[in-house]
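Step one of this worksheet: look at the structure below.
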Amino acid sequence: MHLDQIYIQYLKDNNSTGIQLIYNKFSKQIVTLIQQNNGSEDDGYDIFQESLVDIYHMAHQKDFQLTTSFSSFLKLVCKRKWLNALKKNQRMPVTNLEQSVLYVEDESNKAWDEMLETVNRENIVMSLLDTLGESCQQIIKRCMQEKHQEKIAESMGITYAYLRKKKSECMATLVRKVKESGLF
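Printed below as a string of structure tokens:
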């Protein structure tokens with residue numbers, strides 16, 4: 118876990134003191150970068166705010182971990198958001214922005230792309246899970262959320278042995294569907 122993960126936790130927990138710290142520490146830097154690339158001060162603050170909201174949503178994804186500095190990650194998110202705004206409004210060619218000012222190391226781009234790919238794969242698996250029968254869906258989802266399968270079996274009114282057998286069958290069906298989808 119990166120030391121800057123604390124900033125992600127501030128956003129995730131809606132910690133007003135922590136969020137104020139993020140504003141104080143990073144907002145001017147982002148606003149300046151946006152202003153240097155055909156944006157106004159208001160554009161800079163808008164992009165900064167929208168990017169924090171995006172990061173907040175990412176932070177609520179299962180096991181989201183920061184793998185680079187928060188500053189680099191924030192710049193990457195702001196860069197992509199600003200590039201999209203420029204392209205949408207056709208305010209300027211984006212070569213300056215792409216080539217120099219907001220350069221973020223390749224590891225950040227790679228980490229971002231990997232995270233998006235992981236989320237996409239999880240969504241595909243969850244949609245395939247929804248094609249299984251109701252009992253399979255319930256068993257797999259409950260086993261994903263809870264560690265103690267004995268308690269799951271008890272709450273479902275089935276034996277622990279039956280739960281394990283049924284879970285194994287359901288997982289085999291899900292794995293088969295994932296393989297048949299050709300997406301992995």
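Numbers in the numbering used here are just positions in the sequence shown, counted from 1, shifted up by 117. For glycine and all other residues, C-beta sits at the position ideal for the given N, C-alpha and C.
Asked                                                                                                                                                              : Found
For the alpha helix (DSSP H) holding Gly135, just list the boundary residues, first then last.                                                                     : Ser133 to Gln152
Within 8 Å, do at least three Cβ pairs link the segment 198–206 to the segment 247–260?                                                                            : no
Output needed for Met288: all residues of its chain with C-beta closer than 8 Å, excluding positions within five of it in sequence on either side, in chain order. : Ile257
Since Gln126 is in the alpha helix (DSSP H), which residue starts that stretch and which ends it?                                                                  : Gln122 to Lys129
Under 8 Å between C-beta atoms, does Asn206 make it to chain D?                                                                                                    : In the structure shown, chain D cannot be found, because there is only a single protein chain.
To the nearest angstrom, how far is the alpha carbon of Ile123 from that of Tyr279?                                                                                : 43 Å
I believe Arg281 touches Gln266 by the beta-carbon criterion, under 8 Å. Please report the beta-carbon distance rounded to the nearest angstrom.                   : 7 Å
Using a Cβ-Cβ cut-off of 6 Å (strictly less than) and excluding sequence neighbours within five positions of Met273, which residues of its own chain qualify?      : none
When you compare the CB positions of Val295 and Leu249, do they come within less than 8 Å of one another, or not?                                                  : no
Give the straight-line distance between the Cα atoms of Asp180 and Ile151, rounded to the nearest whole angstrom.                                                  : 31 Å
So within the segment 158–182, which uninterrupted alpha helix (DSSP H) runs reach at least 4 residues, ignoring any that extend past its ends?                    : 158–176
Flag this pair as yes or no: are the beta carbons of Ala176 and Lys129 separated by less than 8 Å?                                                                 : yes
Would you tell me roughly how many angstroms separate the C-alpha atoms of Leu169 and Tyr140, rounded to the nearest one?                                          : 10 Å
Span of the alpha helix (DSSP H) holding Asn206?                                                                                                                   : Phe187 to Asn206
Specify the secondary structure class of Ile257 as computed by DSSP and reduced to three states.                                                                   : helix
Tell me the DSSP secondary structure of Trp275 in three-state form.                                                                                                : For the record, residue 275 in the displayed sequence is Ile; it is not Trp. Ile275 falls in the coil class under three-state DSSP.
Distance, Cα to Cα, Trp237 vs Gln178?                                                                                                                              : Before going further, note that residue 237 is Asn rather than Trp in the sequence given. Approximately 11 Å between the Cα atoms of the pair.
Quick check: the Cα distance between Arg293 and Gly161, rounded to an integer number of angstroms?                                                                 : 48 Å
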